[in-house]
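Take a look at the structure below.
Chains as they are written, first to last, in my numbering: chain A, 1311 to 1488; chain B, 52 to 152.
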């Protein structure tokens, strides 16, 4: 019963906050809605029995990536919100115009309909396998898998993170005004 | 209520919303927000299939690597956005027309 309640609230939070990211005008509000959507996805991970992935999602995504995005919004948001002329829909120009919205809505609608056909096939064929009511801890198994089967990807991801962070620091370093 | 199909439908809705955000916004940071939504939809699919179909933990490992790659991508992407703002004084995507200043 608790799991059902967690699933329903997490699904509502995920979809509703994703719609908020799509609909709101203010970029700062978009980032906050993204935070809610990531929280909902972490709740869905928890209902799937993936405790370690859920906690990692909360720590890395909500604690790291969204905060980084908020800093980027605050560091770059000066002129764009104020002096840009408004377009035909009365929206700020950074929201896009009616052509981008119609193209995006069309592509989204086609993708939604075709994928619902595919998913309905899967829904009828796969009866959900009931593993049982227990949710065992996955941390030790994930640790064993990371240093046994997937050790190459683990090491490569450490090099990737090092390179990405050093590259980001070099790209964004302050430069002298010419 | 909790079945594989419901997770797939939530993931599909998340993916489509992320794609529409990416296509319709004209702000570079908003496009990065759409990319984050799409990556989350993929990770949710991996974990759902891992529980209901394959019944092992390889999908969890894939989700962890998706989170790692998304963190690296966000760091580099936002550094490029900040550098772009230092040069052009805007983050409108239509201004991004040349590779060197």
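Using N, Cα and C, we set each Cβ at its ideal position, and we do this for glycine too.
Check each candidate in 1346(A), 1413(A) and 1365(A) and name the one with the smallest Cα separation from residue 115(B). Of 1346(A), 1413(A) and 1365(A), the residue nearest in Cα terms is 1365(A).
Contact criterion: CB-CB distance below 8 Å. Does residue 1452(A) meet it with respect to chain B? Residue 1452(A) has a beta carbon lying within less than 8 Å of a beta carbon in chain B.
Nearest to residue 77(B) by alpha carbon, out of 1345(A), 1407(A) and 1353(A)? Distance from the Cα of residue 77(B) is smallest, within the candidate group 1345(A), 1407(A) and 1353(A), for 1407(A).
Per the contact definition of three or more C-beta pairs closer than 8 Å, is the region 88–98 of chain B in contact with the region 107–123 of chain B? Yes, the region 107–123 of chain B is in contact with the region 88–98 of chain B.
Where does residue 1393(A) land, buried or exposed, given buried means 16+ other C-beta within 10 angstroms? Confidence at residue 1393(A) is low in this model, with a pLDDT of 42, below 50, so its placement is unreliable and the value that follows should be read with caution. Classification for residue 1393(A): exposed.
Start and end residues, alpha helix (DSSP H) containing residue 1382(A): Unbroken alpha helix (DSSP H) run through residue 1382(A): 1376–1386.
Those residues which DSSP pairs with residue 1431(A) across a bridge: Beta-bridge pairing links residue 1431(A) to no other residue.
Option nearest residue 1485(A) by Cα separation, candidates 137(B), 147(B) and 151(B): Checked all of 137(B), 147(B) and 151(B); the closest Cα to residue 1485(A) is 137(B).
Tell me where the alpha helix (DSSP H) around residue 131(B) begins and ends. First-last of the alpha helix (DSSP H) with residue 131(B): 109–139.
Please state whether DSSP places residue 18(B) in a helix, a strand or coil. Outside the shown range of chain B, which is 52 to 152, sits residue 18(B), and nothing can be said about it.
Which of the three DSSP states, helix, strand or coil, is assigned to residue 150(B)? Reduced to three states, the DSSP call for residue 150(B) is coil.
At the 8 Å Cβ level, is residue 1429(A) part of the contact set with chain B, yes or no? Closer than 8 Å: yes.
Report yes if the C-beta distance between residue 53(B) and residue 1343(A) is below 8 Å; otherwise report no. Not a contact, by the Cβ cut-off of 8 Å.
Roughly how many whole angstroms lie between the Cα atoms of residue 1338(A) and residue 1450(A)? Rounded to the nearest angstrom, the gap between the Cα atoms of residue 1338(A) and residue 1450(A) is 38 Å.
Just the Cα atoms here: how many angstroms apart are residue 1465(A) and residue 1379(A)? Cα to Cα, residue 1465(A) sits roughly 27 Å from residue 1379(A).
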